[in-house]
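Right under this line is the structure:
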């Protein structure tokens, strides 16, 4: 920070210091301001110490740079909201709780992940906007925060979140419309007291396989409408989809906003878990896709979506147009502009100027991307979503790169147009509270140096005011709150040396154009290895997303001058037990967020699934236990979410139970597989090579990853970026960039439980931590099945924080030892069941002794096999027969087991029962002693291909225990 000028006025007894911009780049608090003024006063003469001192940076007296949220003194009311809150765009009326007064209920947020697959006219090809590096690309990478973590957190707090890119990863898409549907999907109407008729305005029609420049599907068809009734026979529109395959799909509806539109249109979704009702405020959001939620659907035509004209107020208008289920594949076709295209891309921070034009010498035909719609940039989704081409086609088809980022801020204003935020403009009437652009940056350092986090906002535009008169300095408040949350949480949870970069007030299009408070976040450098060692870790991405959510929550609370409560963390120590012949008791404990006193849960939601279909809407539990009545021979699954006045937590792991009519016994399934992690990474002492090595361990995604593009192949740190097609150190393959990479589903007790039920056993399940803390007694069960999956003790990045995910803690080892000595039988399966207790820098001699003396196995190596084939071999245990295959390559169905353990018997009564087919290394050991029996497998049971084969495997093991 330097002082540019000093103005001393002896007559007014005042001193003004004007610094460069650097001071304004720093976080400002009231105590910081006092310290700056005190330090200046310290160096003044005795007479001047009494002068009025003012320090300016970025033309602002520095006390005005303190966000309203942090002020004890007078707040800047020009940054606050004065308009009334109307009914929100969408409300889930089937949720046990749908209003969070201290959360984000009635708030609307526009946000987006950066970039996306786009058509580069200069090259006549579709490509990414950024380089393939460190096994991802920014265009997909920022999405790995936004879609699985940030958006659900905001929605769990009650917010309506709008995105200009496709939010559903499902490649399937079903369109059902009154103007015609494909495959076996149908639209139909029933008339009650009021009759359906065509709306006066145009609607959606899916008339083309591909859409060309300027074509708007929401102007190609018709919409339907009728009047509302508060009593009497209702009129119903029904969309019945033909679902191509079982799975989870996003559901979008569309309608027209017309004069006298209803603000409580009743939609019902009949899905695999039951029926969920929504109220949609059709006074806003007409003529585009409006997201309702994600739901499980079975294959076929057994599901439907309905719209009723039942309303609190009679005589209003409800309209019905197309329903979209799933994300789908890109259908916008592009080609070089026949009139010429721009030869140079304009960056977001640059002025939009006339570029050199060039006409193609090749005759191209319109070409679709061939990629899932979620991979594409915003420009293409906007066209499919009915956004006017004046918004997404700013260059008139001459430069898709510029159009993609430049359209996003204009899209925000289109959403807000007509609302209290932007009343004089034409748009969708949605009163947005803020906008947020999620980016990562370039830049690289050697060693462990972090590039870190940069925030960008823009005030020097339109006289520093938004169109509704609010101060654009509210954008600095938003940016500062998010920066503070992100950097402090990262430093506390992951990396104490994480770099907090500047807070820039600069003219980036995404920060300048929106007429609401806006932040552009550059979280980290996707080009810097030290940053990405954290950035590829799912727990890091969860924490950062929670930090952003907290920053937004606190900003909006300060805007409305209201209290806030942070939604809780997920519950822990979850367990199920039989409390009767037809009853299961659920128990859990809250997870305390030590950094957020308000984040304590006040109640809980219990969700139920039967026979693997879909979860219901949940029921409230006021304490941390709940009893459920069950029917025999059905597999019940449960998950629990914590709740408070600020919202709902992420769900717990899923546990399952089944009571068999003619049971052979009761089994306990213990879920010890809690790991999520980045791929294995390494550095060398001379720092010449480094990188991610999936061949050692691909890591474990949270549920699934969609940002992984392929394995890294350039490990030499000295190799520089030359082009996005030759990105230097970190350069990666592209063979997986449209593939869902399965991770830890946190649903494996269901997979194992199906096999136990098929074998005739009743079962319940528990988290391993509930065994450790004594909530669950292993001795209550004759058979225990301990799931380890890819659990292994693991450090994040350079290991600044202690490792996590040990297979068996000391307390768990004691519990298992006591159980075995008491006559119990135990199955343990996991890819690192030996490696974690032997070939692990954190393992001890006691770990090895315990494995050999209690479980009766020993480790041989952690590269047991490559091909994924296991065969049974002769042993004293006749029931053990057959061959099995496990998932040995990255895929969409199961986490990959790239390196299963080779393990061997460690007792005279223990024998190898399985070997890896390619090399005859021992893959499984069964011990049968006088007191107890154990079966240890170096490959995870849930990773075995085929439920019938998993059923067979469990049955053979339990039969061998007899």
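In the numbering used here, the protein residues as written are 131 to 1092.
Ideal Cβ positions, reconstructed from N, Cα and C, are used throughout, including at glycine.
If you run the structure through DSSP and keep just helix, strand and coil, what is residue i?
i, result
"residue 256", "strand"
"residue 1073", "helix"
"residue 541", "helix"
"residue 866", "coil"
"residue 95", "Because the chain is modelled from 131 through 1092, residue 95 falls outside the range shown and cannot be assessed."
"residue 1048", "coil"
"residue 166", "helix"
"residue 617", "helix"
"residue 132", "coil"
"residue 503", "helix"
"residue 491", "coil"
"residue 1037", "coil"
"residue 985", "helix"
"residue 1010", "coil"
"residue 972", "coil"
What does the alpha-carbon distance come out to for the pair residue i and residue j?
i, j, result
"residue 600", "residue 734", "39 Å"
"residue 453", "residue 309", "11 Å"
"residue 949", "residue 909", "6 Å"
"residue 570", "residue 597", "29 Å"
"residue 662", "residue 576", "13 Å"
"residue 668", "residue 675", "10 Å"
"residue 359", "residue 445", "7 Å"
"residue 335", "residue 865", "35 Å"
"residue 964", "residue 1005", "21 Å"
"residue 801", "residue 610", "41 Å"
"residue 968", "residue 938", "12 Å"
"residue 1093", "residue 687", "Residue 1093 cannot be examined here, being either before or after the span of the chain that is shown, 131 to 1092."
"residue 644", "residue 532", "16 Å"
"residue 959", "residue 919", "7 Å"
"residue 741", "residue 878", "14 Å"
"residue 839", "residue 869", "8 Å"
"residue 759", "residue 897", "21 Å"
"residue 703", "residue 719", "6 Å"
"residue 1062", "residue 914", "12 Å"
"residue 995", "residue 1029", "6 Å"
Is it right to say residue i is buried, meaning 16 or more other beta carbons lie within 10 angstroms of its own, or is it exposed?
i, result
"residue 487", "exposed"
"residue 188", "buried"
"residue 852", "exposed"
"residue 215", "exposed"
"residue 907", "exposed"
"residue 552", "buried"
"residue 131", "exposed"
"residue 340", "exposed"
"residue 1058", "buried"
"residue 1077", "exposed"
"residue 114", "Residue 114 is absent from the structure shown; the chain starts at 131 and stops at 1092."
"residue 136", "exposed"
"residue 1083", "buried"
Can you confirm whether residue i, when its beta carbon is compared against all beta carbons of chain D, has any partner nearer than 8 Å?
i, result
"residue 479", "Looking at the structure shown, chain D is missing, and only one protein chain is on hand."
Does the beta carbon of residue i fall short of 7 Å from some heavy atom of the ligand HEM?
i, result
"residue 663", "Because no ligand of any kind appears in the structure shown, any question about the ligand HEM cannot be addressed here."
message: To test your reading of the DSSP string, which unbroken beta strand (DSSP E) runs of 3 or more residues are found completely within the stretch 707 to 764?
response: 713 to 719, 733 to 740, 749 to 751 and 755 to 759
query: If we count Cβ pairs, one from each stretch, closer than 8 Å, do we get three or more for the stretch 190 to 206 versus the stretch 750 to 768?
result: no
message: Threshold first: 3 residues or longer. Then list the beta strand (DSSP E) segments lying entirely within the stretch 245 to 331, N to C.
response: 248 to 250, 255 to 257, 290 to 292, 304 to 306 and 316 to 320
Beta strand (DSSP E) runs wholly inside the stretch 642 to 673, at least 3 long, in chain order: 648 to 655
query: Per the contact definition of three or more C-beta pairs closer than 8 Å, is the stretch 1064 to 1071 in contact with the stretch 984 to 1003?
result: yes
- request: Enumerate, from N- to C-terminal direction, the unbroken beta strand (DSSP E) stretches of 3 or more residues contained entirely within the stretch 767 to 830.
  value: 785 to 787, 796 to 801, 811 to 813 and 820 to 822
message: What ranges does the alpha helix (DSSP H) occupy inside the stretch 509 to 592, keeping only unbroken runs of at least 4 residues that lie completely in it?
response: 519 to 522 and 530 to 546
- prompt: So, do the stretch 272 to 286 and the stretch 426 to 436 have three or more beta carbon pairs nearer to each other than 8 Å?
  reply: no
- prompt: Whole beta strand (DSSP E) runs in the stretch 872 to 940 with 3 or more residues, listed along the chain?
  reply: 892 to 897 and 913 to 919
query: Taking the runs of the beta strand (DSSP E) that are 3 residues or longer, which of them lie wholly in the stretch 197 to 243?
result: 220 to 222 and 238 to 243
- request: Flag this pair as touching only if the stretch 649 to 658 and the stretch 537 to 556 have three or more C-beta atom pairs under 8 Å; answer yes or no.
  value: no
field: Runs of alpha helix (DSSP H) lying entirely within the stretch 318 to 397, each at least 4 residues, in chain order
entry: none
- prompt: Three or more beta-carbon pairs under 8 Å between the stretch 843 to 861 and the stretch 1038 to 1056, yes or no?
  reply: no
message: For the stretch 192 to 200 against the stretch 377 to 384, do three or more pairs of beta-carbon atoms, one drawn from each stretch, fall closer than 8 Å, so that the two count as touching?
response: no
- prompt: Below 8 Å, can you find three or more Cβ-Cβ pairs linking the stretch 460 to 479 to the stretch 310 to 325?
  reply: no
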